[in-house]
Amino acid sequence: MFNDSLTMCHSLSLPPNAIPHVLVVSVQPTLGALEFSLLYEQENNSLHCSILKAKGLKPMDSNGLADPYVKLHLLPGASKSNKLRTKTLRNTRNPVWNETLVYHGLTDEDMQRKTLRISVCDEDKFGHNEFIGETRVALKKLKINQKKNFNVCLERVVPVSCVGKEGGDVEERGRILISLMYSTPQNRLIVGVVRCVHLAAMDANGYSDPFVEICLKPDMGKKAKNKTNIKKKTLNPEYNEEFSYDIKHSDLAKKTLDISVWDYDIGKSNDYIGGCQLGITAKGERLKHWYECLKNKDKKIERWHTLLATNSNSN
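Just so you know, full-length UniProt numbering puts 255 at position 255 of the sequence shown, and the rest follows in order with no gaps.
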């Protein structure tokens with residue numbers, strides 16, 4: 001329900017002693033109201049954004065209507081890699097989308113410091129899409145595993161200074177979901193490359209052609225290195241590929257798993273996007289993931305890891 005949101009946008013509170021007939025008020029035309037809900041599922045590190053409907057959108061076309069869609073963007077962050085959008089609805093100022101868009105790979109830390117920008121735009125058949133209005137939600141306002149409903153008035157662009165600078169965000173290279181399992185019947189380490197999200201764009205078209213390379217070292221010989229298939233023109237590739245290494249469980253403590261993501265280029269060297277290392281010498285979640293694999297034999301354990309820009313390898 002909209003609960004008179006539009007009226008509330010422009011309600012005016014007067015002091016008790018105000019004299020109405022000498023008060024001049026300049027009221028901006030309404031941009032419309034948007035109803036949506038947000039849910040952060042901690043177990044699978046996902047943010048579910050349900051875009052329900054809008055009401056009373058500003059008319060953008062000559063017929064007095066609009067062709068609206070909603071665009072989501074996590075701030076701070078690389079623009080194309082984490083942008084989601086709904087379908088476009090034609091000739092309406094009161095669209096009903098009922099679409100759920102999902103961000104994967106978000107950590108509790110992200111939820112404390114990132115902001116979700118929700119923009120409503122008008123799609124133009126000549127490609128010049130127009131901005132109608134937006135709202136922004138600091139994700140730290142959400143409670144874990146509890147859906148929160150919003151019914152807000154759209155606003156003009158909020159100054160960037162209110163949101164925070166984008167510089168120095170280490171995860172701008174992207175995230176990768178890796179599974180580890182040590183199989184005791186086979187005496188093997190099984191590494192799963194599940195998916196990547198929010199990869200840095202390396203090509204002129206704003207995308208990448210990413211593949212993942214994993215290498216168990218040291219002293220594993222030619223079988224140490226494995227590669228996934230290449231996924232064309234995407235910043236959020238899904239692989240679901242597994243690779244195995246014949247190795248004694250007792251030797252795993254001496255090994256490091258090097259993970260790197262590359263952008264494939266025809267006829268020239270591939271571009272490094274980002275990487276990380278798992279092992280006893282790692283820190284934080286990367287150490288914890290490796291330790292959990294050693295401790296829990298025959299159990300597949302999935303974890304998200306941040307891809308860093310530093311590259312100690314050559315491809």
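Cβ atoms here follow ideal geometry from the backbone N, Cα and C, with glycine treated the same way.
Using the Cα positions of K58 and D67, report the straight-line distance between them to the nearest angstrom.
Here residue 58 corresponds to residue number 58 of the sequence shown, with the count starting at 1. Here residue 67 corresponds to residue number 67 of the sequence shown, with the count starting at 1. In this structure, the alpha-carbon of K58 lies about 11 Å from that of D67.
Can you give the Cα-Cα distance for R136 and E155, rounded to whole angstroms?
Here the question's residue 136 lines up with position 136 in the sequence shown. Here the question's residue 155 lines up with position 155 in the sequence shown. Spanning the two alpha carbons is a distance of roughly 9 Å.
Please tell me whether N151 and V194 are closer than 8 Å, where the distance is taken between their beta carbons.
Here the question's residue 151 lines up with position 151 in the sequence shown. Here the question's residue 194 lines up with position 194 in the sequence shown. No, Cβ-Cβ distance for N151 and V194 is not below 8 Å.
Considering only DSSP beta bridges, list what D251 is partnered with.
Reading the sequence shown from its first residue, position 251 is the one you call residue 251. None; D251 has no bridge partner.
Among the residues of its own chain, which have a CB less than 6 Å from the CB of T184, if the five just before and after it don't count?
Here the question's residue 184 lines up with position 184 in the sequence shown. Cβ neighbours of T184 beyond the five flanking positions: K297 and D298.
State the start and end residues of the unbroken alpha helix (DSSP H) segment that holds Q146.
Working through the sequence shown from its first residue, we reach residue 146 at position 146. Following the DSSP letters along the chain, one finds Q146 in no alpha helix (DSSP H), marked with neither H nor E.
Alpha carbon to alpha carbon, what distance is there between I190 and K248?
The residue labelled residue 248 in the question sits at position 248 within the sequence shown. The residue labelled residue 190 in the question sits at position 190 within the sequence shown. Straight-line spacing of the CA atoms in K248 and I190 works out to 12 Å.
Classify L287 as helix, strand or coil using the three-state DSSP reduction.
To locate residue 287, count along the sequence shown from 1; it is residue 287. Under the three-state reduction of DSSP output, L287 falls in the helix class.
For residue 390, I'd like the list of residues in its chain whose CB is within less than 6 Å of its CB, leaving aside the five on either flank, ordered along the chain.
Lying outside 1 to 315, the shown extent of the chain, residue 390 is not represented and no answer is given.
Between the Cα of K254 and those of M181, I214 and M220, spot the shortest distance and give me the residue it belongs to.
Residue 254 sits at position 254 when you count from the first residue of the sequence shown. Selected option, being the one with the closest Cα: M220.
Can you tell me the Cα-Cα spacing of K125 and R173, whole angstroms?
Translated into positions along the sequence shown, residue 125 becomes position 125. Translated into positions along the sequence shown, residue 173 becomes position 173. K125 and R173 have their alpha carbons spaced roughly 33 Å apart.
Segment limits, alpha helix (DSSP H) that includes K111
In the sequence shown, residue 111 corresponds to position 111, counting from 1. Per the sequence shown, residue 111 should be read as Met rather than Lys. Taken as a continuous stretch (DSSP letters only), the alpha helix (DSSP H) holding M111 covers D108 to R113.
Three-state class that DSSP yields for E292 in the structure shown:
The count along the sequence shown starts at 1 and reaches residue 292 at position 292. In the displayed model, E292 falls within a helix according to three-state DSSP.
How would you call D246, buried or exposed, if buried means at least 16 neighbouring beta carbons within 10 angstroms?
Numbered from 1 along the sequence shown, position 246 holds the residue referred to as residue 246. It counts as exposed.
Sort out for me which residues DSSP pairs N226 with in a bridge.
Residue numbering aside, residue 226 sits at position 226 when the sequence shown is read from its first letter. In the DSSP output, where bridge partners are listed per residue, N226 has I214.
Could you check the C-alpha separation between L278 and S260 for me, to the nearest Å?
In the sequence shown, the residue the question calls residue 278 occupies position 278. In the sequence shown, the residue the question calls residue 260 occupies position 260. The alpha-carbon atoms of L278 and S260 are separated by roughly 11 Å.
How far does the beta strand (DSSP E) with P68 in it extend, from its first residue to its last?
In the sequence shown, residue 68 corresponds to position 68, counting from 1. For P68, the uninterrupted beta strand (DSSP E) segment begins and ends at P68 to L75.
Go ahead and pull the three-state DSSP assignment for R173.
On the sequence shown, residue 173 is found 173 positions in, with the first residue counted as 1. R173: helix per DSSP, three-state reduction.
Give the DSSP-derived three-state secondary structure of K232 in the structure shown.
Taking the first residue of the sequence shown as 1, we reach residue 232 at position 232. Here K232 sits in coil by DSSP.
Excluding five sequence neighbours on each side, which residues of the same chain lie with their C-beta closer than 6 Å to the C-beta of M60?
As a position in the sequence shown, residue 60 is number 60, starting the count at 1. Closer than 6 Å at the Cβ level, and outside the excluded window around M60, lie A66, D122 and E130.
Excluding five sequence neighbours on each side, which residues of the same chain lie with their C-beta closer than 6 Å to the C-beta of N82?
One-based indexing of the sequence shown puts residue 82 at position 82. Counting only Cβ-Cβ distances below 6 Å, and skipping sequence neighbours, we find L74 and H198.
Spatial distance of L180 from E285 (CA atoms)
Start at 1 with the first residue of the sequence shown, and residue 180 comes out as number 180. Start at 1 with the first residue of the sequence shown, and residue 285 comes out as number 285. Whole-angstrom Cα-Cα distance: 13 Å.
Work out the CA separation of D263 and N63 for me, nearest whole Å.
Taking the sequence shown and counting its residues from 1, the one referred to as residue 63 is at position 63. Taking the sequence shown and counting its residues from 1, the one referred to as residue 263 is at position 263. Each residue's alpha carbon lies about 45 Å from the other.
Per the DSSP calculation, T135 is bridged to which residue(s)?
Here residue 135 refers to the residue found at position 135 of the sequence shown. Bridge partners of T135 according to DSSP: I118.
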